[in-house]
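Order-wise, the sequence lines are chains A and B. Position 423 of the first sequence, counting from 1, maps to 423 under our numbering, and the rest follow consecutively. Position 277 of the second sequence, counting from 1, maps to 277 under our numbering, and the rest follow consecutively. Here's the structure, in structure tokens; my notes come after.
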Amino acid sequence: MPKRTDIKKILIIGSGAIIIGQACEFDYSGTQACKALKEEGYEITLVNSNPATIMTDPDFADRTYIEPITADTVALIIAKERPQALLPTLGGQTALNVSVELAESGVLDEYEVELIGAKLPAIQKAEDRALFKEAMTKIGLAVPKSGIAHSVQEALALVEKIGFPAIIRPAFTLGGTGGGIAYNIEEYEKMVTSGLALSPINELLIEESVIGWKEFELEVMRDGADNVVIICSIENVDAMGVHTGDSITVAPIQTLTDKEYQLMRDSAIKIIREIGVDTGGSNIQFAVDPKTGKQVVIEMNPRVSRSSALASKATGFPIAKIAAKLAVGYNLDEIPNDITAETPACFEPTIDYVVVKIPRWAFEKFQGTDETLTTQMKSVGEAMAIGRTFKEALQKGLRSLETGWHGLDNHPLEELPFSELPSKLSVPNVKRIFYIKAALARGMSIEEIYAYTHIDPFFLYNMKEIVDFENALSAPAARHSIDQHLEKPETDGAFTKKLLQQAKQFGFSDRQLGDIYDVPEETIRECRKGLGVNATFKTVDTCAAEFEAETPYYYSTCSSEDEVRPSDKSKIMILGGGPNRIGQGIEFDYCCVHAALALKADGYETIMVNSNPETVSTDYDTSDRLYFEPLTCEDVLNIYHKEKPFGVIVQFGGQTPLNLAIALKNAGVPIIGTSPEDIARSEDRRLFKAVLDDIGLMQPPNGTATSSEEAAPIAAALGYPVIVRPSYVLGGRAMQIVYDEELLHEYMHSAVQASPEHPILIDKYLEEAIEVDVDAISDGNLTVIGGIMEHIEEAGIHSGDSDCVLPPYTLVDEQIENLKTFTYALAKALNVCGLMNVQYAIKNDEIYVLEVNPRASRTIPFVSKAIGVPLAKLAARVMAGKTLAELGFTNEIEPAYFSVKAPVFPFNRFPGSNTRLGPEMKSTGEVMGIDTDVSRAFAKAQKACGYTLPLGGKVFISVRNKDKRAIIFIAKKLTDMGFELIATHGTAKVLLRNGMESELVFSIGKGRPTIHDYIKNHAVDLIINTPTGDLHRPNELLIREMAIAHDIPIFSTIPGAAAAVNAIDALQRGEITVTPLQDYFQLLS
Amino acid sequence: MKAILALADGTFFEGDQFGATGETVGEVVFNTSMTGYQEVLTDPSYKGQIVTMTYPLIGNYGCNEADVESIGPQVEGFVVREYSAYYSNWRSKWSLDSYLAEHDIIGIQGIDTRALTRRLRVHGVMNGCLSTEDMNPERLVSKAKAWHGLVGWDLVQRVTCPSSYAWQQPEANNSRPKYRVVALDFGIKYNILRQLTEHGCEVQVVPASTSAEEILAAEPDGVFLSNGPGDPMPVDYAIQTIQTLIGKKPLFGICLGHQLLGLALGGKTFKLKFGHRGANQPVKYLETDRVEITSQNHGFCVDIDSLPNSVEVTHINLNDDTLEGIEHREYPIFSVQYHPEASPGPHDASYLFSRFTEMMDS
């Protein structure tokens, strides 16, 4: 079928803020869809609240709405834009759920909008557990024994039939939120209760446990002519019981015979047909009993997913792009395969390498929570690696994680008693792979490890081969040979060469080898290069070399043939950000993508290096050449020596490439933009102080310590509270406000690990200061401010976790002018070429410099969207030699509207962890609210975060003593707006003296009811609770934790509460309106 | 133990031996299936060929008794990137190494199979010599050069059954077979026989040299023309047999059977540069416009332009537009170049077996 001509305008819904279970992969899929459909001549209306996405760049859609992704807001957009079709399958669970809501409420019918890709009945059949089970039974496929419960009673009855362990899966939640495995009745009741609360339709699936079975996934595509193809098969290394997002996974399937695989393929085809997904991609999960081969269907996602992004990167087949084209009527055989150009997209990719995906977690930020991996996803990012063997891909993947491992290293807890290994192996945890290594190294048999882990012996055997080979490398013969060769490189090194070759084929890094032989990795590198043991590059081509590949998408391996033919064009290499983590995610990928697009447009050949499969940067379309490789010095140098670019950009990928900058420069790599030395000057406390002194700027009083003993007197001299942190970290890792000496010692003992090569910085904490972020761009001569963002919360909360407003909403012109002047001076002093971010604190009209980062910051996409100028693109071009004058960006822009950025937190995934905000960043993503009125913009941002501010009802107020004055006006305004107040004794008395009645609740432990009862009963609509800062008062934390679990908006600072109250006022005064970016940008000119 | 694979163009690859030891010559080809190595090994169509798997890890799930397509491995040699000594699957019985050793097939592992595949893609399939005995690459190259190659060689003689037999299938369902089928064995895969049985056929497998008269004397409802190895041209006796059968019985041909039918109908065949071997080949069924993902294994092809008017093209390959299926306009005769019986590969085209029984019905 040719494309449909009855459709002109298509609405695409994105997935909103980055949260656990929904990350950059939906920007990748949505961006592909926007591009593909625009190419076909359709008019695209896009809604996504996440400013850090590429898809919300104004040129990817015709009308770009950065608005909350809620049914009511999207309904407004539909009413305004009148699209003929809505494509619901590319924006993750968020887009799917909102689309279902719009369909069920009749909005789509009212405005005659057609769901394309998947129709409502298909979505319902796939998502509703009961309907899905019924459908599977109908087509003769087995599913685990299960039942549906809508109440605790029903759930209790069910578990009697199903038995323990039982799996609890709440319906319509994302990434298995609220799900889990219960081994006893007590756990079961607890999980059922929380699961019912989390499911938007209060429904649970209780399922027979198939824990220990092997887990597989197929990525399936179907077109309008009912052609069905399997794009990729994936085998989970971790057995059933660990969420696939938390599992190490491998593509393609390794341990099924063709007979078994074809059975699974047949089932998948039957399923996509029975569910009735019209066109597009679906992900189907299966479990296989390792003893009998029995296959059961676990679930199906009738949309593109994290796995489909992985499958696209693993095979080179762009699932989302093709899905978009199928949705508008094309059939698979009408679409060419981009990679081969000569063959159609209607085929099944075959690969001739092994792909390993490894999750990255952030438990260190959520201490106190249970770190067991279960059916609820907890990882925040992932790395993918490609190799010609599983061993190579696994080790490359482990070093791609950037968590300090250089491969399948030895567990640092070597003194772990052997007797503790079984529990470390049987309870899934983030370091399990290293415990397996430890077990293998100590001679535990594969059979025994299998019994504990249920990880298929095939994978364990491959790990054992790594261990055995490592032993061979350490053996005297090998040592002797290497030592001799290092001493006399001119000797015949046949044995050493063979050794190193095999080490490379097993994925060992130079660093790992250096550790074995007790020499720096550079020595190993030199030695192996001397022997001709070099990385070779192979192409990802969808077809195992059967056809010639047109698309330069490469990975390295150690082999006899290198396929890369470098061109003689002028090239720039961009180093990406690696796996997502808290503090380094999509914002940096956005900058890397912009660099690639801008430099490509300027005629350079762009080379992207990254290891994160979720991203737009690793789309083979983004740059001229893509290297899917770990971001380590060794791997980057391999590519550098192959391609010889004239410049390498390290300032866009976050801390990852910055950490490599000096080593790369020392190895002769030309870094363009701000020099690594100048970047180091901004990070080194002593050097930076000299910079500030030179230009006469102030810092909060501070000191530097390398030990607890050194720290105590410094802190005492500064006066508590102080902020402590290691240098050279991103996202405020291990940054804390410390209130007394006891806490300081505690901190020094736990934090030194965070960054052992760098000292701990101690700053005087400026209480109640206003924090300001400034993003600027400089070409070395001229510096132009991109945006000045005023934080709503006071200084002390990490800038990534604060709400902020652009332009500033309470600063006066004089302050703004000073901020600008200081920023220009800093840019000059640090010889900035490219982007720079400065954090200031304003206290008592004094401006302090908190931090300068001469690199792309997390706020660059937000600022770019707020001011309508692509700062990262400009910066890339500046680094390549253009001046800002040449680029036409010399005037600063102060928009006539407000943009508010608000963070989104993953606390619901980490019950028991500290939910208090502080200098260590904990948010996973952000949203943006735009409006001509600052309060409305704030309201939109809150709504986009998932907090709907109440327009009436009850407000609980409990504030520390120093906030009692400030709260009076806020409370007064709330009562004026019709809210009723709830307060504890002390606050109630203050309110009463100021003429406000309140409903009294007991302080925790003093009687009932307490605010906890109100929260549980949903008898409170808004909470204002400012913490005393005393870490020994767990009650405050419990309020926060409970409010978060029950989705009740909670504000823990006075400025935050004030902003919320103003926002409610604005909402009460008028309906929210929606406006696309393109219209806002009209206001700028 | 070391092993060397040398090609007639002078290149050679050094690796490690697994399976049997010795020396062998054959046409070096590549297969892009990611699963199904045991089926590939035991497919008689690979007679005369040294097969490279493009998927790098082979041996992972071992070998078992059930996944065989003939009495044992048929390939001349087997080439993989990494042989997995450890195998893991509930059905596996032997390691691939012992399986190959038992059947005297030489394997080589640890070579850059992608480089080899690219060479074959660019220069076409070529003759090779695989040895664990002679470690002199130049000598091996000469041996590869000296080998006569597949063209003009009747390989069917090496794989056809010595005498006629009735296919027995213990696990077949009990219902009485409805159709009597004679299958001309040019190197038939068991899964074709299994499929025919499951579609209600009682199958008598006969040697390739069986005459049309003998076949007709058995009064079958239909005649099946099997797959098989090598060049169809020298199998002239079978072409003659088929010519006699045309118009007398429903005919269904697969792979070599399709090529022989094509020749019998007056068409021509040619040798493809590097063939189609894998489980992901898209084929369009022109009648429905639907695409099937098919399993393929052939180096020769019926020239689409050489077909007489009596023949209608039913299927084409979407990758290179070559002929994949034909049907006679007048008689109940059809054939496909690919493998609807799969094994290894997708089951998308299994409808063709029903089509054969429908033909026998009418």
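Glycine included, each C-beta is placed from N, C-alpha and C at the ideal position.
Close Cβ partners of residue i (< 8 Å) along its chain, the five nearest in sequence each way excluded
| i | result |
| --- | --- |
| G946(A) | V904, D1047 |
| P756(A) | Because P756(A) carries a pLDDT of 49, less than 50, the predicted location of this residue cannot be relied on, and no value is offered for it. |
| N914(A) | F366, Q367, G368, L1037 |
Beta-carbon gap between residue i and residue j smaller than 8 Å
| i | j | result |
| --- | --- | --- |
| E219(A) | S99(A) | no |
| Q109(B) | E82(B) | yes |
| A8(B) | G128(B) | yes |
| V283(B) | Y338(B) | yes |
| D619(A) | S556(A) | no |
| I319(A) | M221(A) | yes |
| R194(B) | Q169(B) | yes |
| Q262(A) | A3(B) | no |
| T64(A) | L46(A) | yes |
| A545(A) | I351(A) | no |
| Y461(A) | I449(A) | no |
| Q243(B) | A217(B) | no |
| A769(A) | E746(A) | no |
| L120(A) | A103(A) | yes |
| Q124(A) | E215(A) | no |
| I211(A) | P144(A) | no |
Residue i, enclosing alpha helix (DSSP H) - first and last residue
| i | result |
| --- | --- |
| A439(A) | 432-441 |
| I12(A) | Here I12(A) belongs to no alpha helix (DSSP H); instead the beta strand (DSSP E) covers 9-13. |
| L826(A) | 813-829 |
| L108(A) | 107-110 |
Residue span of the beta strand (DSSP E) that contains residue i, given as start and end
| i | result |
| --- | --- |
| D1079(A) | Note, D1079(A): premise wrong, no beta strand (DSSP E); alpha helix (DSSP H) at 1077-1084. |
| F506(A) | Unbroken run through F506(A): none, as it is neither H nor E. |
| P121(A) | Premise fails: P121(A) lies in the alpha helix (DSSP H), 120-127, not in any beta strand (DSSP E). |
| I1023(A) | 1022-1025 |
Neighbour-count burial assignment, residue i, 16 or more Cβ in a 10 Å radius
| i | result |
| --- | --- |
| S899(A) | buried |
| H749(A) | exposed |
| I679(A) | buried |
| V467(A) | buried |
| V669(A) | buried |
| G228(B) | buried |
| G140(A) | exposed |
Cβ neighbours of residue i in the same chain (closer than 7 Å, five flanking residues each side left out)
| i | result |
| --- | --- |
| A754(A) | Here the model assigns A754(A) a pLDDT of 42, short of 50, so the residue's position is not dependable, and the following value carries that caveat. Only P726, V729, R733, A734 meet the Cβ criterion. |
| I339(A) | G316, D541, T542, A549, E550, T551 |
| G653(A) | L575, G576, G577, F588, C592 |
| R1008(A) | F1002 |
| K642(A) | F537, V564, P566 |
| T496(A) | S481, I482, H485, L531 |
Chain A contact residues for residue i, given Cβ-Cβ distances below 7 Å
| i | result |
| --- | --- |
| W90(B) | P290, K291, T292, G293 |
| T52(B) | Those do not exist, as T52(B) stays about 10 Å from chain A at its closest Cβ, beyond 7 Å. |
Chain B contact residues for residue i, given Cβ-Cβ distances below 8 Å
| i | result |
| --- | --- |
| L256(A) | T35, Y61, N89 |
Sequence-distant residues of the same chain with beta carbon closer than 6 Å to residue i, five excluded per side
| i | result |
| --- | --- |
| I968(A) | N994 |
| R909(A) | I20, K378 |
Contacts that residue i makes with chain B (C-beta to C-beta distance below 7 Å)
| i | result |
| --- | --- |
| R388(A) | P56, R81 |
Using a Cβ cut-off of 9 Å, which residues of the stretch 207-228 of chain B contact any Cβ in chain D, in chain order? Protein chains in the displayed structure are A and B, and chain D is not among them.
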